[in-house]
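Participant: Below you will find the structure I want to go over with you.
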Amino acid sequence: MGLGRSLYFSGLSSVLSFAIQFALSVFVARMLTPEELGMFGVALAASALVRAFESAGINNFVASYEKLDDSMMRSVFTINFLLNIALGLVLWLLAVPLGQFFGSDKVGDILLVTAAATALNTHKPIIQGLLRRRMNFQGLMMFDFSQVVIGGIATIAAIAMGYGPLALALALVAEKLGAILVGIIQFRKDIPMAPHMAQGGTILQYGLSLSTATVIGIVGAHANNFILGKILGLAPSAQFDRALTLPRLIWSVALPSFHNVLVPGVAKERDDPEGRHRVMQNTLLIFTMLIWPAGLVLTLVSPDMLVTLYGDQWWEAADIAPYFVIYSTIMSPITLACSGLVAFGHGGAMVRIQLAEQGTKILVLFSAFFFGLPELAALMALPALAYLFTATGALIKHDLIEFRQLLAISLRPIRLSIVAATPSIIGRYWLAEGAYFTLEELLALAAITGMVFVAGLRLLEPVIFERALGVIGVGKKTADFSEETL
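Here it is, written out as structure tokens:
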């Protein structure tokens, strides 16, 4: 499967998953109070710190390691199994103390259920890694979509039965059980479960440095739940976290779909610097052509989306949401480029990048002793800058991309972004001061923006437009995105 088709199916998978997750988040936000969501946020933050090690980079290891024979696969399963059991036990031990620390028994209960979900994560990362290694992104799409459906059904059922914030943790257990069934039934020949530790050192050496970087990233990603939850209270912490909803669209929808393709794609070009640069440059350009127009539009309408979709109680989140959309949009191409560091196991570089960003972020969050949410949101530009400088330096040092290429990729989508944002700019000017778009107006604006974006892409980027049509089978067949530099 070529780069274009791979990106198509990987992107379609993320869009389908997002559609369900976003609808589910609206349902949950209306069914649970900010206080209850704050409880789940704190418990999720605590579990995420531990669960960052649960797969020890297994997904990326399976997708990119050169010599993956039966013996190595047995070691992969054994290492993954033992790590998950150990980390589930750690979460179980942390449940009661953390519940007491935050003065909420429900926080402890959520952690206990999350511990069970962690222990059950025996097959999911291995299945995903195998499908990515084979460039079978159509199969990966079906697997990931089934996981989201299972989690969504479990969440709705548990909330309807009165489990409150515990429902979100129960959904994690349901997802892992579903993955185990798929692994046993469909991948029983590919995932040998006989214990074997001969290659365990190789797996851990590759995975633990990357997992360390992941842990540091998670510390920063969930630090607002811990720090603001203690300094300002659970409800303001939930407002800050809700403001990150739309930026997380970029991280949870667009980035994983491109990352899933870029890691094995770059790994296959490990001995060809020119081919490596071409795959990296084309993938980043396609990504930026999509994400920067979307980011500019979301910056303009993010307050309306939060208040209209989630309810008036989230007005504080709506006020600060545009800051986070801007930061994440600017950072996202560099974050995707760092997939190349993952492909070659440069865990040390990833650790340094995360230390720069998350260390700065934690310092900013502690300024909550002196500032309110609006000031904190503005100051979050500092960790974004720290990330950009550190990550760009690492990418250039490891010969994954040149600075001039990054600059060209960043400047090229600006015209298309302005064109795509024109309907939102006009709509914002037309809207009365202090008013928000209604749901019907947001849907109409989304439809108009989509048509304007497609027209702009056809006019300003005809080569990319024609190849995109060929990839999805609408236009005439053209050269794949990986065959020459765009």
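For the sequence shown, our numbering begins at 23 and goes up steadily by one. Glycine included, each C-beta is placed from N, C-alpha and C at the ideal position.
Short of 7 Å in beta carbon distance, which residues of its chain neighbour E291, apart from the five on each side in sequence? Order them along the chain.
Facilitator: So the qualifying residues of the chain are G297, R298, V301.
Participant: Should the region 326-346 be called in touch with the region 255-266, which here means at least 3 C-beta pairs below 8 Å?
Facilitator: Yes, the region 326-346 touches the region 255-266.
Participant: Cβ atoms of I313 and P355: under 9 Å apart, would you say?
Facilitator: Yes, the Cβ-Cβ distance between P355 and I313 is below 9 Å.
Participant: Only counting the same chain, and skipping five residues up and downstream in sequence, which positions put a Cβ closer than 7 Å to that of L199?
Facilitator: L142.
Participant: Between which two residues does the alpha helix (DSSP H) containing N158 stretch?
Facilitator: Run containing N158: none; DSSP gives neither H nor E here.
Participant: What do you get for L429, buried or exposed, if any count of 16 or more other CB atoms within 10 angstroms of its CB means buried?
Facilitator: Exposed, since its Cβ has fewer than 16 Cβ neighbours within 10 Å.
Participant: Hey, is the region 411-425 in contact with the region 443-461, meaning 3+ C-beta pairs nearer than 8 Å?
Facilitator: Contact fails: fewer than three Cβ-Cβ distances are below 8 Å.
Participant: Where does G79 sit, in a helix, a strand or coil, going by DSSP?
Facilitator: Note: G79 maps to coil in three-state DSSP.
Participant: Specify the secondary structure class of T460 as computed by DSSP and reduced to three states.
Facilitator: T460 falls in the coil class under three-state DSSP.
Participant: Please report the distance separating the alpha-carbon of L116 from that of V129.
Facilitator: If you take the alpha carbons of L116 and V129, they lie about 10 Å apart.
Participant: Could you tell me the distance, in whole angstroms, from the CA atom of L152 to the CA atom of S168?
Facilitator: Cα-Cα distance, rounded: 17 Å.
Participant: Per DSSP, what kind of secondary structure is N246 in: helix, strand or coil?
Facilitator: Looking at N246 - three-state DSSP - the assignment turns out to be helix.
Participant: Do you know how far the Cα of M219 is from the Cα of A78?
Facilitator: Confidence at A78 is low in this model, with a pLDDT of 49, below 50, so its placement is unreliable and the value that follows should be read with caution. So the alpha carbons of these two residues sit roughly 15 Å apart.
Participant: Of the choices D334, V347, D293, whose alpha-carbon is the least far from that of P315?
Facilitator: Looking at the Cα atoms, V347 is the closest of the given residues.
Participant: Straight-line CA distance for Y409 to L256?
Facilitator: Cα-Cα distance, rounded: 28 Å.
Participant: To the nearest angstrom, report how far apart F165 and A201 are at their CA atoms.
Facilitator: Cα to Cα, the separation comes out at about 8 Å.
Participant: Taking the alpha carbon of F392 as the reference point, which residue from I253, A245, I175, I80 has its own alpha carbon closest?
Facilitator: Nearest option by C-alpha distance: I253.
Participant: Could you tell me whether the Cβ atoms of E463 and G478 are closer together than 9 Å?
Facilitator: No, the pair does not count as a contact, with Cβ atoms beyond the cut-off.
Participant: Sorted by chain position, which residues of the same chain lie with C-beta nearer than 6 Å to I384's C-beta, five sequence neighbours on each side aside?
Facilitator: Here the set comprises A245.
Participant: Under three-state DSSP, which class holds T321?
Facilitator: Looking at T321 - three-state DSSP - the assignment turns out to be helix.
Participant: Within this structure, are the beta carbons of L190 and T177 separated by less than 9 Å?
Facilitator: A contact, by the Cβ cut-off of 9 Å.
Participant: Identify, in the order they occur along the chain, each residue of the same chain with its Cβ nearer than 8 Å to the Cβ of V386, setting aside the five sequence neighbours on each side.
Facilitator: If we look at V386 and ignore the five residues flanking it on each side, its Cβ neighbours are L398, L401, M402, L404, P405.
Participant: Mapping DSSP to helix, strand and coil, what is F393?
Facilitator: Here F393 sits in coil by DSSP.
Participant: Only counting the same chain, and skipping five residues up and downstream in sequence, which positions put a Cβ closer than 8 Å to that of M311?
Facilitator: Answer for M311: R434, P435, L438, L479, E483, I486, listed in chain order.
Participant: Return the chain-ordered list of same chain residues with a C-beta closer than 6 Å to the C-beta of Y185, the five sequence neighbours on each side being excluded.
Facilitator: Within the same chain, Y185 has no close Cβ partners at all.
Participant: Going by C-alpha to C-alpha distance, which of S97, L363, R52 sits closest to L422?
Facilitator: Nearest of S97, L363, R52 to L422, Cα basis: L363.
Participant: Between the beta-carbon of I225 and the beta-carbon of I101, is there less than 9 Å?
Facilitator: For I225 and I101, yes; Cβs fall inside 9 Å.
Participant: Is DSSP giving R73 helix, strand or coil here?
Facilitator: Because R73 carries a pLDDT of 49, less than 50, the predicted location of this residue cannot be relied on, and the following value inherits that uncertainty. R73: helix per DSSP, three-state reduction.
Participant: Residues in the same chain with beta-carbon distance under 7 Å from A85, minus the five sequence neighbours each way, listed in chain order, please.
Facilitator: For A85, where only same-chain residues beyond five positions count, the Cβ hits under 7 Å are G151, R154, R155, V285, P286.
Participant: Which residue comes first and which comes last in the alpha helix (DSSP H) that contains M95?
Facilitator: Looking at the DSSP string, the run of the alpha helix (DSSP H) that includes M95 is 92-123.
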